[in-house]
Amino acid sequence: MDKKESKRQLVAMLESGRSKTEIFKTLSGGEIKDRVLAYWIGAYADPALCQRHSGKIKTLLFLTIAQALLGAVFGFFLGSMIGPGATVFFTLFAAGVPLLFAWGFYKNVAQAYTIYVILSLSQFPRMFQGFEEDPLLTLIGAAISLGMVFFVAYLKTLLFPDLGFLGSKKVKGRYVFSS
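Position in the sequence shown counted from 1, then plus 21, gives you my numbering.
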């Protein structure tokens, strides 16, 4: 059985209501590594959890689309100082990246949440570059960005309770699942 067929079988088992622990025991030890299998199980977007937290997901989508619009405006002005080609590039890039994340959040893709948090935290030190010129605005911007990162991380833990920060949760060397 290849990976695609294994993943289809896994999704069918999850959608039929079988417990995640039972599915892991059934499919582990086969062609797919246990680490990958545990991640697939943990990254499955449970429709009940998605429905329960749909308001939070909609809020995140609104905030991410607002980021895309602000990014497009700032990208346009930054690019217009450089030239017409840069205007188009910076506008599309500054709007495109947040819109890709919005698409991942809308589709409930676990990797979108993880990548958003990692990229945002990696850019955090750069937010303080203009601190000397305008400390209040810099602190407000950093607080908003950090609040957004915490909201995304919090929502990831609600939607994907079986995932840790970068992979599946393990307790004493064994993968653990919520059901």
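The beta carbon of each residue, even a glycine, is placed where N, CA and C say it ideally should be. Source: prediction; values computed, not measured.
Have a look at the DSSP bridge pairing and note the partners of residue i.
| i | result |
| --- | --- |
| Ser-189 | Leu-184 |
Which of the three DSSP states, helix, strand or coil, is assigned to residue i?
| i | result |
| --- | --- |
| Arg-195 | strand |
| Tyr-200 | It should be pointed out that residue 200 corresponds to Ser in this sequence rather than to Tyr. Three-state result, Ser-200: coil. |
| Ile-53 | coil |
| Tyr-175 | helix |
| Gly-76 | helix |
| Arg-39 | coil |
| Phe-60 | A small correction: the amino acid at residue 60 is Tyr; Phe does not occupy that position in the sequence shown. Tyr-60 falls in the helix class under three-state DSSP. |
| Ala-163 | helix |
| Ala-66 | coil |
Nearest CA to the CA of residue i: which residue from the options?
| i | options | result |
| --- | --- | --- |
| Trp-61 | Gln-88, Tyr-134, Ser-189, Leu-121 | Ser-189 |
| Ile-165 | Glu-154, Glu-36, Thr-85, Thr-42 | Thr-85 |
| Gly-16 | Phe-172, Thr-108, Gln-144 | Coverage of the chain is limited to positions 22 through 200, which leaves residue 16 absent and any answer about it impossible. |
| Gly-38 | Pro-68, Ala-64, Lys-79 | Pro-68 |
| Val-94 | Thr-80, Glu-26, Gly-117, Met-148 | Gly-117 |
| Ile-136 | Leu-187, Thr-108, Gly-92 | Leu-187 |
| Gly-185 | Phe-145, Thr-80, Gly-63, Asp-155 | Gly-63 |
Give every residue of the same chain whose Cβ lies closer than 7 angstroms to the Cβ of residue i, excluding the five residues on either side of it in the sequence, and list them in chain order.
| i | result |
| --- | --- |
| Met-34 | Ile-44 |
| Pro-182 | Ser-199 |
| Leu-120 | Ala-89 |
| Ala-66 | Asn-129, Leu-180 |
| Lys-28 | Trp-61 |
| Leu-99 | Phe-111 |
For residue i, which residues in the same chain have their Cβ closer than 6 angstroms to its Cβ, ignoring the five residues on either side in sequence?
| i | result |
| --- | --- |
| Ala-263 | The chain is shown from 22 up to 200; residue 263 falls before or after that span and cannot be answered. |
| Met-169 | none |
| Gly-106 | none |
| Leu-48 | Leu-58 |
| Ala-123 | Leu-82, Thr-85, Ile-86 |
| Val-32 | none |
Return the chain-ordered list of same chain residues with a C-beta closer than 8 angstroms to the C-beta of residue i, the five sequence neighbours on each side being excluded.
| i | result |
| --- | --- |
| Leu-142 | Val-170 |
| Tyr-134 | Gly-125, Phe-126, Val-173, Ala-174, Leu-176, Lys-177, Leu-180, Phe-181 |
| His-74 | Leu-176, Leu-179, Leu-180 |
| Gly-162 | Met-148 |
| Ser-40 | Phe-198, Ser-200 |
Report whether the distance from the Cβ of residue i to the nearest heavy atom of the ligand ATP is below 7 angstroms.
| i | result |
| --- | --- |
| Ser-199 | Only the bare structure without any ligand can be found here, which leaves the ligand ATP out of the picture. |
(message) So within the stretch 80–155, which uninterrupted alpha helix (DSSP H) runs reach at least 4 residues, ignoring any that extend past its ends?
(response) 105–127, 131–143
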